[in-house]
Amino acid sequence: MSVVGIDLGFLNCYIAVARSGGIETIANEYSDRCTPACISLGSRTRAIGNAAKSQIVTNVRNTIHGFKKLHGRSFDDPIVQTERIRLPYELQKMPNGSAGVKVRYLEEERPFAIEQVTGMLLAKLKETSENALKKPVADCVISIPSFFTDAERRSVMAAAQVAGLNCLRLMNETTAVALAYGIYKQDLPPLDEKPRNVIFIDMGHSAYQVSVCAFNKGKLKVLATTFDPYLGGRNFDEALVDYFCEEFKTKYKINVKENSRALLRLYQECEKLKKLMSANASDLPLNIECFMNDLDVSSKMNRYRVCFHFKKCWLILYVLDIEIVGGATRIPAVKEQITKFFLKDISTTLNADEAVARGCALQCAILSPAFKVREFSITDLVPYSITLRWKTSFEDGTGECEVFCKNHPAPFSKVITFHKKEPFELEAFYTNLHEVPYPDPRIGSFTIQNVFPQSDGDSSKVKVKVRVNIHGIFSVASASVIEKQNVEGDHSDAAMETEASFKNESKDDVVCRKPISAPSDKQDRLNQTIKKGKVKSIDLPIQSSLCRQLGQDLLNSYIENEGKMIMQDKLEKERNDAKNAVEEYVYDFRDKLGTVYEKFITQEDLNKLSAILEDTENWLYEEGEDQPKQIYVDKLQELKKYGQPIQMRYMEHEERPKALNDLGKKIQLVMKVIEAYRNKDERYDHLDPAEVEKVEKYISEAMSWLNSKMNAQNKLSLTQDPVVKVSEIVAKSKELDSFCNPIIYKPKPKVEVAEDKAKANSEHNGPMDGQSGTETKPDTTKDKKRPKLLTKQKT
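So the sequence shown is residues 1 to 795, counted in full-length UniProt numbering.
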């Protein structure tokens, strides 16, 4: 079973796997450890990753990138509308109100939901993993920003399902970094000592995140987290782009922002310039040929002229280490600001690009039963406070309860006790909307069904378990009604009990409970009644309506469409491979006709074949440009009918001398043995005369066959097909071995002499009279070496 961690970045993605006792970041088919988060759709197929990135400028309207911020959001969301201005492709409102993209695919305009787009990218990462590991991949852990809301998290989970992945956990990026940092540390304080506090600062391409973590040996607890979802490396790119747009407007009288292709080229050049400025403080040139309106543009920039906004995150805590990751933290100004604020040197012991993926792979290994990992507990947190609201029988009509406060440990479950006579609805929402980078505070509504009054007409006691699960997603996990007989109870509208699970959610129900509003003596009487069996718990069905939740039918259709697109990509690849095979054969064979094949074809055939190759080349770039796979297969077979005889003559000519030489040597060796036998050589006096005579006759026939074939072959020109093929000579050589070797190399029988018998008896019975007691031991050199060889083979 494979264990995979995926860093699903805004700009690039990384894949890490657990194998060979460690964590390894794997490379894609371009030998690149990062895969661009980019999908390009065409008239016949899709390009994903590196191939898609190369089409950003040439296929502007149909190449999708920068879509991570669109997850779980409606088309009318202010964030979506802001991103819409930046993106060169078209966004579209989907039937369920969510944001989608509109591109041209298979010669028609088609809308794709963001879950489908990310599903395409994840499917590509899955394929890359399987190619590297040589085995199927299903289980994975996927990273997400710590500030993602429930709707965004559920959207990423749906994308994983579209890609055919089983996501064991959605992991906050800063938590993954902390795990990658802590699990290998050997100097962490013991559990009974004060923990080591470490700040992790992650600035990627689109967001800035900070988390404070407490470490003990085998334990990680995230204490607090903060973030700016709108500050990242792309802000530096935008500052450079805006500067050059203004300069080019004045200098060259062109408006770059009106031309999407030119703007994309400028973004690409500014990103390269930003990386160069991070390592160089001097003026650096910017030159772009044929930039816009056939103009070549040029300028220069240095790091001190770039103005940017760096938001400080105020954290009052005793901190031992400050670890920075993310591509944008390589910018010297970012490092300088962090150092000034904390008045402490920063640390870069982690790989800035791959730390998140490595942490995800470690978490996947911990969750997978197939791997044995050193025990390490992880306690994450709830990024936003969550409140439940319900209707009551009081005058105000509603009741509210904050079930999870900000930075509450997670995963975590709580049980709320209600007293109701009929079904009721719970509405979950984020308590402080100003803290949430999302316009809608709603999480979802949950209807507790089949609630009934007690037999005496009193309200029933309904226990509702709410949970923030391992993915950081809130849900009403279960509900049950307590049916009682003559038990006095607390009739307040709601009482709360808590139960927590830090290691394994399956153990939620066995952790201690602490009633808040019920008196302890009343609880004791209730517990005694439960023990006597006078109450029973009945599970209640829950109907959920979640904000921006994909319906199962819609999700199934996305999964089906992804399968069809994968099959279309496969068929198109096979078609292109068949076409490329024809093109490669034409160029390769035409080149060899003028070099190595020149001696093996007549001038007449050369002219004829050259004309056929030229016609095929012209056909490939005209009517053969877009043909079905079988047409190319047939065309290649037709070419090979002309080319294979020439190729065969060349190969036979090249390989024939070696085959003849090998056969001739074997004949000479056998003849030497026969001659030695005739000369009464004692090494061969055990051979059977009749069998030797058979060998002699066989060798005579073999020499006659060889001489006749070679005489005939020598009369032919190189442009004629050979009389004897190399395969026939090799077959004759093998036949000679099988016929002659068992006879002429027959081992000589062992003759047991009296001296040998005496030695054998002395070794068996001890020294005989008149002999010394020195024991002659057999040579055990081979026996001693054999175990070492086995060890190497096992290794």
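In this text, a Cβ means the ideal position worked out from N, Cα and C, and glycines have one as well.
Endpoints, the alpha helix (DSSP H) within which residue i is located
{"i": "arginine 84", "result": "78-86"}
{"i": "alanine 611", "result": "603-620"}
{"i": "cysteine 245", "result": "233-251"}
{"i": "serine 260", "result": "260-279"}
{"i": "glutamate 638", "result": "629-678"}
{"i": "lysine 592", "result": "552-593"}
{"i": "arginine 44", "result": "First-last for arginine 44: undefined, no H or E at that position."}
{"i": "serine 537", "result": "Where serine 537 is concerned, there is no enclosing alpha helix (DSSP H), although the beta strand (DSSP E) it sits in stretches over 536-539."}
{"i": "alanine 365", "result": "355-367"}
Beta-carbon proximity check, residue i vs residue j, cutoff 8 Å
{"i": "serine 282", "j": "proline 88", "result": "no"}
{"i": "valine 210", "j": "phenylalanine 227", "result": "yes"}
{"i": "lysine 274", "j": "aspartate 242", "result": "no"}
{"i": "isoleucine 56", "j": "histidine 65", "result": "yes"}
{"i": "phenylalanine 474", "j": "aspartate 202", "result": "no"}
{"i": "leucine 620", "j": "glutamate 583", "result": "yes"}
{"i": "leucine 426", "j": "valine 476", "result": "yes"}
{"i": "glutamate 115", "j": "alanine 180", "result": "no"}
{"i": "methionine 277", "j": "leucine 286", "result": "no"}
{"i": "lysine 461", "j": "isoleucine 448", "result": "no"}
{"i": "cysteine 13", "j": "leucine 121", "result": "yes"}
{"i": "lysine 666", "j": "tyrosine 632", "result": "no"}
{"i": "leucine 388", "j": "proline 409", "result": "no"}
{"i": "proline 541", "j": "asparagine 450", "result": "yes"}
{"i": "lysine 217", "j": "leucine 188", "result": "yes"}
{"i": "alanine 328", "j": "glycine 232", "result": "yes"}
{"i": "lysine 185", "j": "phenylalanine 215", "result": "yes"}
{"i": "phenylalanine 10", "j": "glycine 204", "result": "yes"}
{"i": "asparagine 62", "j": "arginine 33", "result": "no"}
{"i": "serine 143", "j": "aspartate 7", "result": "yes"}
{"i": "isoleucine 699", "j": "valine 670", "result": "yes"}
Residue interval of the beta strand (DSSP E) (run including residue i)
{"i": "histidine 65", "result": "63-65"}
{"i": "arginine 467", "result": "460-468"}
{"i": "leucine 295", "result": "295-301"}
{"i": "lysine 734", "result": "First-last for lysine 734: 726-744, but that is the alpha helix (DSSP H), not the beta strand (DSSP E)."}
Same chain, Cβ closer than 7 Å to residue i, neighbours up to 5 away in sequence not counted
{"i": "arginine 169", "result": "Val141, Gln363, Leu367, Ile470, His471"}
{"i": "proline 437", "result": "Phe147, Pro229"}
{"i": "methionine 565", "result": "Arg46"}
{"i": "phenylalanine 599", "result": "In the sequence on display, residue 599 carries lysine and not phenylalanine. Once the five neighbours on either side are set aside, the close Cβ partners of lysine 599 are Leu718."}
{"i": "isoleucine 346", "result": "Ile322, Ile324, Lys335, Ile338, Thr339"}
Contact set for residue i: own chain, Cβ-Cβ below 8 Å, skip 5 residues either direction
{"i": "lysine 732", "result": "Leu663, Ala702, Trp705, Leu706"}
{"i": "serine 146", "result": "Asn172, Glu173, Thr174, Thr175, Gln209, Ser211, Thr225, Phe227, Pro383"}
{"i": "methionine 94", "result": "Phe75, Gly100, Pro111, Ala113"}
{"i": "leucine 106", "result": "Ser43, Arg44, Gln568"}
{"i": "asparagine 561", "result": "Gln116"}
{"i": "tyrosine 304", "result": "Ala281"}
{"i": "serine 20", "result": "none"}
DSSP beta-bridge partners of residue i
{"i": "glutamate 90", "result": "Lys102"}
{"i": "arginine 110", "result": "Val103"}
{"i": "threonine 174", "result": "Partner(s): none; threonine 174 has no beta bridge."}
{"i": "methionine 203", "result": "Tyr208"}
{"i": "alanine 18", "result": "Ile23"}
{"i": "tryptophan 390", "result": "Gly399, Leu426"}
{"i": "valine 325", "result": "Asp202"}
{"i": "cysteine 13", "result": "Leu8, Thr35"}
Own chain partners of residue i with C-beta closer than 6 Å, once the 5 adjacent residues on each side are dropped
{"i": "alanine 16", "result": "Gly5, Ile23, Thr25, Ala357, Arg358, Ala361"}
{"i": "tryptophan 314", "result": "Note on tryptophan 314: pLDDT 41, under 50, position unreliable in the model; the coordinate value appears next. Contacts found: none."}
{"i": "lysine 463", "result": "Val415, Thr417, Ser480"}
{"i": "aspartate 28", "result": "What sits at residue 28 in the sequence shown is asparagine, not aspartate. Once the five neighbours on either side are set aside, the close Cβ partners of asparagine 28 are Thr35, Thr128."}
{"i": "arginine 102", "result": "Per the sequence presented here, residue 102 reads as lysine, with arginine not at that position. Around lysine 102: Glu90, Gln92, Pro111."}
{"i": "asparagine 59", "result": "Ser40"}
Any non-hydrogen atom of the ligand COA within 7 Å of residue i CB
{"i": "valine 692", "result": "Here there are no bound small molecules, and the ligand COA is not part of this structure."}
Contact with chain B by residue i, beta-carbon distance below 8 Å
{"i": "glycine 9", "result": "The chain labelled as chain B is not found in the depicted structure, where only one protein chain is given."}
Tell me, please, whether the region 702-709 touches the region 676-687 by the rule of three or more beta-carbon pairs shorter than 8 Å. no
Report yes or no: do three or more beta-carbon pairs, one from the region 559-574 and one from the region 690-699, lie closer than 8 Å? no
Could you tell me whether the region 444-451 touches the region 393-413, where touching means 3 or more Cβ pairs closer than 8 Å? no
Report yes or no: do three or more beta-carbon pairs, one from the region 45-62 and one from the region 71-78, lie closer than 8 Å? no
Measuring CB atoms only, is the region 636-653 touching the region 714-726, in the sense that at least three cross pairs come out at less than 8 Å? yes
Three-pair Cβ contact test at 8 Å for the region 251-267 versus the region 409-419: no
When the Cβ atoms of the region 161-168 are set against those of the region 125-142, are three or more pairs found closer than 8 Å? Contact holds between the region 161-168 and the region 125-142, because three or more Cβ pairs, one in each stretch, are under 8 Å apart.
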